[in-house]
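**Student:** Final position of the sequence shown in numbering that gives the first Met the number 0 is 105; the numbers increase by one with none missing. Using N, Cα and C, we set each Cβ at its ideal position, and we do this for glycine too. Next up is a structure, given as structure tokens.
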Amino acid sequence: MNNAFHYQVRVLRPAERDYFQILDYLMEKSPQAAEKFEEKFIKILERLKRSPFFGKIPNDKELRVEGYRMAILGKYLVFYIVQGTVVEVHRIIHGARDYLKILRGY
């Protein structure tokens, strides 16, 4: 029996929107790529439940102060914050985009 502690993972609405937009885009290009993206995202969520501090701490000082971490999902970055026993997934952003502007809302 596994008694290991698991964090609660919440995918916030902006990240949920990102996820479905990416999935729709990939489905048009390649259903296999969309399936692979979905599988990798589920694996990241499972890993966050067990070990949320695995993600990289961003270089940007403001993001560090806010507690952001990021996990790599192929060409995308999954931005999340650990608050107590809860992991909040905030955004999923393509690595080529200006994620600082997106996370700051401008």
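If you draw a straight line from the C-alpha of Tyr-98 to the C-alpha of Tyr-18, how long is it?
**Tutor:** For this step, residue 98 is matched to residue 99 along the sequence shown. For this step, residue 18 is matched to residue 19 along the sequence shown. So the two alpha carbons sit approximately 15 Å from each other.
**Student:** What distance in whole Å lies between the Cβ atoms of Ala-14 and Val-88, which are believed to be in contact at a cut-off of 8 Å?
**Tutor:** Numbered from its first residue, the sequence shown carries residue 88 at position 89. Numbered from its first residue, the sequence shown carries residue 14 at position 15. Sure, about 5 Å apart at Cβ, within 8 Å.
**Student:** Near Glu-45, what residues of its chain come up, given a Cβ to Cβ distance below 7 Å and the 5 sequence neighbours on each side ignored?
**Tutor:** To locate residue 45, count along the sequence shown from 1; it is residue 46. Taken in chain order, the list of residues that qualify is empty.
**Student:** Is it the case that the Cβ atoms of Glu-51 and Tyr-6 are separated by a distance below 7 Å?
**Tutor:** Within the sequence shown, residue 51 is the residue found at index 52, counting from 1. Within the sequence shown, residue 6 is the residue found at index 7, counting from 1. Per the sequence shown, residue 51 should be read as Pro rather than Glu. Yes, the pair counts as a contact, with Cβ atoms nearer than the cut-off.
**Student:** Can you give the Cα-Cα distance for Leu-72 and Glu-61, rounded to whole angstroms?
**Tutor:** Mapped onto the sequence shown, residue 72 falls at position 73. Mapped onto the sequence shown, residue 61 falls at position 62. Answer to the nearest angstrom: the Cα atoms are 22 Å apart.
**Student:** Is the separation between the beta-carbon of Tyr-75 and that of Ile-101 shorter than 7 Å?
**Tutor:** The sequence position of residue 75 within the sequence shown is 76, counting from 1. The sequence position of residue 101 within the sequence shown is 102, counting from 1. No.
**Student:** So for Thr-84, helix, strand or coil by DSSP?
**Tutor:** By 1-based counting over the sequence shown, the position of residue 84 is 85. The answer is coil: DSSP assigns Thr-84 none of H, G, I, E or B.
**Student:** Considering only DSSP beta bridges, list what Leu-72 is partnered with.
**Tutor:** Counting from 1 along the sequence shown, the entry for residue 72 is found at position 73. Leu-72 pairs with Tyr-75.
**Student:** Kindly indicate which residue of Ala-32, Leu-25, Ile-21, Met-69 has the alpha-carbon position closest to the one of Ile-43.
**Tutor:** Here residue 43 refers to the residue found at position 44 of the sequence shown. Checking every option, the nearest Cα to that of Ile-43 belongs to Met-69.
**Student:** Alpha helix (DSSP H) containing Arg-9: first to last residue?
**Tutor:** Within the sequence shown, numbered from 1, the residue matching residue 9 stands at position 10. Run containing Arg-9: none in the alpha helix (DSSP H); it sits in the beta strand (DSSP E), 7 to 10.
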